[in-house]
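>
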Amino acid sequence: MKNILKTSVALVSILIGFTSCNNSGKSNGGSGALASNVAEKVYVPPGEYDSHYAFMSGGYSGNLTVYGLPSGRMFKEIPVFSQFPTNGYGYTEETTPMLETSYGFVPWDDSHHPDISQTDGVLDGRWIFINGNNTPRIARISLTNFETEEIIEVPNSAGNHSSSYITENTEYVVAGTRFSVPVPQRDMPIKDYKGNFKGALTFISVDPEEGHMDIKFQILMPGFNYDLSHPGRGKSHGWFFFTTYNTEEANSLLEVNASQNDKDFIAAINWKKIEEYVNNGGGTMMPANYAHNLYDEDTHMATSTMKKEVRVVNPSEVPGAIYLLPTPKSPHGVDVDPSGEYIVGNGKLSANLTVHSFTKMIDAIENKEFDGDAYGIPIIKFEDVLAGSVEQAGLGPLHTEFDGKGNGYTTFFISSEVVKWKLGTWEVLDRKPTYYSVGHLTIPGGNSREPFGKYMFAMNKITKDRYLPVGPEMEHSAQLYDISGDKMELLLDFPTHGEPHYAAAIPAEIIMNNVKKIYRLDENEHPRKATNESETKVVREGKNVHIYMTTIRSHFSPDNIEGVKVGDKVFFHVTNLEQDFDVPHGFAVIGANTAELLVMPGQTRTLTWEPKQVGVWPFYCTDFCSALHQEMQGYVRVSPADSNLDLSWSLGE
Ligand code: RUQ
Ligand code: CUA
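Numbering (the numbering used here), first residue to last: 128 to 780.
Structure (structure tokens):
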């Protein structure tokens, strides 16, 4: 025990030491060394467009933010797992079903790793997927309307971290559990973890046309921690790689107890083989309970369905489908180069970067050169799978991306730098400091067969003195580098929102021409829409009062409503009649316990209001929509509960 604690103290002080010495000031190279033409490289003149979109995970904001590169300007926050009062997401009748789970309504999550859909291993810009870490979920966001369209919960999982990476043709979006848990969940002593807990790796199929997600199967792996994952591509398409740590299967003081083994594993999963097994009826249907939430763009409404079973596969059922590649030392990221040959294990407690060879892996499998097994899963000999290692590259490697020109770029958290190195020769070509303590990095397409390697940006965990101080916590900071030359060139710092773990970036032209500008009114199938003012009305259904309302510059119809009583539940179903790009109207009513509505052109949104006091209560448009925006208002008269005043409504009378 004493020894363990000593190791722990030593380790922790190394980690803290290295982190803090980089945080002490901006003396070396914060900005002093920048070339004079750097400003030009990030300057996007007023009215002109950025060349790339970057989609940054919101971390503990639960959402996704959209940035332009190279300017670093934030364009939008897309609500995904978290309620968003700015537009009413997660508050309106239409969107609350998106946040339903087996735990009930969960209005928050911790989102980590966005990944853009691919065709033939190239970004196609149709959808972006992102994981919810705390309540295991995967979301799909449309890149035509920039709205969350679908969220599926992942059962038998906990800490959905090795997610949400997609295969080369978006056949699957994959979710892996960071925490192993009892499967099925049950009441058992925590100390009996070892050998009894399981780590579920979930393969969620994606419909090629609509994008709809469905859990195809879950592999119930040994009780390790599955940290990150990446698909094979090109020659390794059909495989998926997951890093593991805590192969010690410790259940307490993991900072020490999960750092004992010299090597953990990268789990290599031949998903094609398992898919075939499952397609032939393999695996077992297991009772489960998980939400599948789907937004319908025609009705402007989401529905939530609870699914009751899931197909599980034990590794022993499909011999030859799963192997373990020893990898030093508590690897975090696992990244596959554009050719699909190299599998990089970022051992966060290792000084060297370990790179495995897919070809050598296949040879070793064919020659059955194994070094024992773990729970029946063959372990390939380290030397037999090793392609090479980048020696003494830095301290604390976390993540690697590729430029498509034969180079890898790895972040080092402890030594706070990005290191560029050459695939095949493993030599370090360049290193640049980051400010400070970088986590992920992104190259547009850097996680595909075809990177667009002009820019790279680092997402840093600690900001400290980079911006004007704003209290004890600073927004995290990203740093943009030009990687078109031999050496990386720092161009720009820009603040981010929440904690962007990872980001996906893509050339703007792949997306910008498909972006939706309005919702067509004649396609609106919302059950309580009003697509012109003659359809507006107020209907009482017992204690529920439904107001079918429209907005257009610059009035609501109706704008005078009487006959509502204390104790009623009032539903404002607001349809925005505008058919012009970027003309939403807002709706807010005094005393509402939710949020505003921000209704897009042609869309219908519903705000629920339970008036508690007699009086005449105003509502108004919250979005400055015209010169007469301040005139865009109305009144609801609320009478006592026992009043017998009939409902009436009007506009302009
Ligand atoms: S993880 S750096 Cu999800 Cu690396 Cu954050
Ligand atoms: Cu409508 Cu302001």
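Virtual Cβ for every residue (Gly too), placed ideally from N, Cα, C.
Do Val697 and Trp744 have their CB atoms nearer than 8 Å?
Numbered from its first residue, the sequence shown carries residue 697 at position 570. Numbered from its first residue, the sequence shown carries residue 744 at position 617. It is not a contact, given that the beta carbons lie outside the stated cut-off.
> Given Glu758, which residues of its chain have a CB within under 7 Å of its CB, disregarding the five upstream and five downstream residues?
Position 631 of the sequence shown, counted from the start, is the residue given in the question as residue 758. So the list reads Ser681, once near-sequence residues are dropped.
> Provide the residue span of the beta strand (DSSP E) that contains Ile610, from first to last.
Taking the first residue of the sequence shown as position 1, residue 610 is located at position 483. Premise fails: Ile610 is in no beta strand (DSSP E) and is neither H nor E.
> What's the gap between the Cα of Asn406 and the Cα of Pro442?
Position 279 of the sequence shown, counted from the start, is the residue given in the question as residue 406. Position 315 of the sequence shown, counted from the start, is the residue given in the question as residue 442. Rounded to the nearest angstrom, the two C-alpha atoms are 16 Å apart.
> Quick check: is the beta carbon of His603 nearer than 8 Å to any beta carbon in chain B?
No chain B appears in the structure shown, which is made up of a single protein chain.
> For Phe751, verify whether its CB is less than 7 Å away from any heavy atom of ligand 2.
One-based indexing of the sequence shown puts residue 751 at position 624. Yes, since a heavy atom of ligand 2 falls inside the 7 Å radius drawn around the Cβ of Phe751.
> Look at the Cβ atom of Gly231, then the Cβ atom of Ile243, and state whether they are nearer than 8 Å.
Looking up residue 231 in the sequence shown gives position 104. Looking up residue 243 in the sequence shown gives position 116. Not in contact: Gly231 and Ile243 (Cβ atoms no closer than 8 Å).
> Only counting the same chain, and skipping five residues up and downstream in sequence, which positions put a Cβ closer than 7 Å to that of Lys435?
One-based indexing of the sequence shown puts residue 435 at position 308. Once the five neighbours on either side are set aside, the close Cβ partners of Lys435 are Pro414, Ala415, Asn416.
> From Thr228, Leu556, Ala478, Phe369, pick the residue whose C-alpha is nearest to that of His288; which is it?
Residue mapping note: residue 288 aligns to position 161 of the sequence shown, counting from 1. Comparing Cα positions, the closest option is Phe369.
> Quick test of the definition: if touching needs 3 or more C-beta pairs under 8 Å, does the region 191-207 touch the region 606-626?
Verdict: yes, contact present.
> Give me the Cα-Cα distance between Pro627 and Gly580, rounded to the nearest whole angstrom.
The sequence position of residue 627 within the sequence shown is 500, counting from 1. The sequence position of residue 580 within the sequence shown is 453, counting from 1. Their Cα atoms are separated by approximately 20 Å.
> Which residue marks the beginning of the beta strand (DSSP E) containing Leu451, and which one marks its end?
The sequence position of residue 451 within the sequence shown is 324, counting from 1. Element bounds for Leu451: 449-454.
> Using the Cβ count rule (16 or more neighbours within 10 Å means buried), how would you classify Tyr176?
The residue given as residue 176 occupies position 49 in the sequence shown. Its Cβ having fewer than 16 others within 10 Å, Tyr176 is exposed.
> With a Cβ-Cβ cutoff of 8 Å, do Ile279 and Met340 count as a contact?
One-based indexing of the sequence shown puts residue 279 at position 152. One-based indexing of the sequence shown puts residue 340 at position 213. A contact, by the Cβ cut-off of 8 Å.
> Compute the Euclidean distance between the alpha carbons of Ser147 and Pro728, then round it to the nearest angstrom.
Taking the sequence shown and counting its residues from 1, one reaches residue 147 at position 20. Taking the sequence shown and counting its residues from 1, one reaches residue 728 at position 601. With a pLDDT of 40 at Ser147, under the threshold of 50, the modelled position of this residue cannot be trusted; read the value that follows with caution. Straight-line Cα distance between these residues: approximately 50 Å.
> Would you tell me roughly how many angstroms separate the C-alpha atoms of Ser291 and Val546, rounded to the nearest one?
What you label residue 291 is simply residue 164 of the sequence shown in a count that begins at 1. What you label residue 546 is simply residue 419 of the sequence shown in a count that begins at 1. Computed Cα separation, rounded: 25 Å.
> Rounded to whole angstroms, what's the CA-CA distance from Trp776 to Asn687? Just pull it up for me.
Here residue 776 is taken as the residue at index 649 of the sequence shown, counted from 1. Here residue 687 is taken as the residue at index 560 of the sequence shown, counted from 1. Taking the straight line joining both Cα atoms gives about 6 Å.
> Gly499: buried (16+ other C-beta within 10 angstroms of its C-beta) or exposed?
Indexing the sequence shown from 1 puts residue 499 at position 372. Classification of Gly499: exposed, given that the 10 Å Cβ count is below 16.
> Locate the alpha helix (DSSP H) running through Val171, then write down its first and last residues.
Mapped onto the sequence shown, residue 171 falls at position 44. Segment: none, Val171 is in no alpha helix (DSSP H) and carries neither H nor E.
> Could you compute how far the alpha carbon of Phe71 sits from the alpha carbon of Lys614?
Here the chain covers residues 128 to 780 and nothing more, so residue 71 does not appear.
> Please determine if the region 663-680 and the region 590-610 are in contact, where contact requires at least 3 C-beta pairs separated by less than 8 Å.
No, the region 663-680 does not touch the region 590-610.
> Does DSSP put Leu648 in a helix, in a strand, or in coil?
Position 521 of the sequence shown, counting from 1, holds the residue named residue 648. Correct three-state label for Leu648: helix.
> Run through DSSP, which three-state label would Glu276 get?
Against the sequence shown, residue 276 aligns to sequence position 149. Three-state DSSP puts Glu276 in a strand.
> Ser151 to Ala630, Cα distance in whole Å?
What you label residue 151 is simply residue 24 of the sequence shown in a count that begins at 1. What you label residue 630 is simply residue 503 of the sequence shown in a count that begins at 1. Confidence at Ser151 is low in this model, with a pLDDT of 41, below 50, so the placement of that residue is unreliable and no value is reported for it.
> Say yes only if the C-beta of Leu568 is nearer than 7 Å to one or more non-hydrogen atoms of ligand 1, and no if none qualify.
Translated into the one-based positions of the sequence shown, residue 568 becomes position 441. False, no ligand heavy atom lies under 7 Å from that Cβ.
> Can you give the Cα-Cα distance for Leu250 and Gly365, rounded to whole angstroms?
In the sequence shown, the residue the question calls residue 250 occupies position 123. In the sequence shown, the residue the question calls residue 365 occupies position 238. Going by the C-alpha atoms only, they are around 18 Å apart.
> Any heavy atom of ligand 2 within a distance shorter than 7 Å of the CB on Met412?
For the purposes of this step, residue 412 is taken as the residue at position 285 of the sequence shown. It does not: the Cβ of Met412 is nowhere closer than 7 Å to a heavy atom of ligand 2.
> Exposed or buried, what is Lys321 when buried is set at 16 or more other beta-carbons lying within 10 Å of its beta-carbon?
Within the sequence shown, the letter at position 194 stands for residue 321. Exposed is the call here.
> Given the structure, does Thr677 come close to ligand 2, in the sense that its CB is under 7 Å from one of the ligand's heavy atoms?
The residue labelled residue 677 in the question sits at position 550 within the sequence shown. Thr677: no, Cβ never under 7 Å from ligand 2.
> Select from Tyr469, Asn260, Met412, Ser516 the residue whose C-alpha is nearest the C-alpha of Pro455.
Locating residue 455 in the sequence shown gives position 328, where the first residue counts as 1. Considering only alpha carbons, the answer is Ser516.
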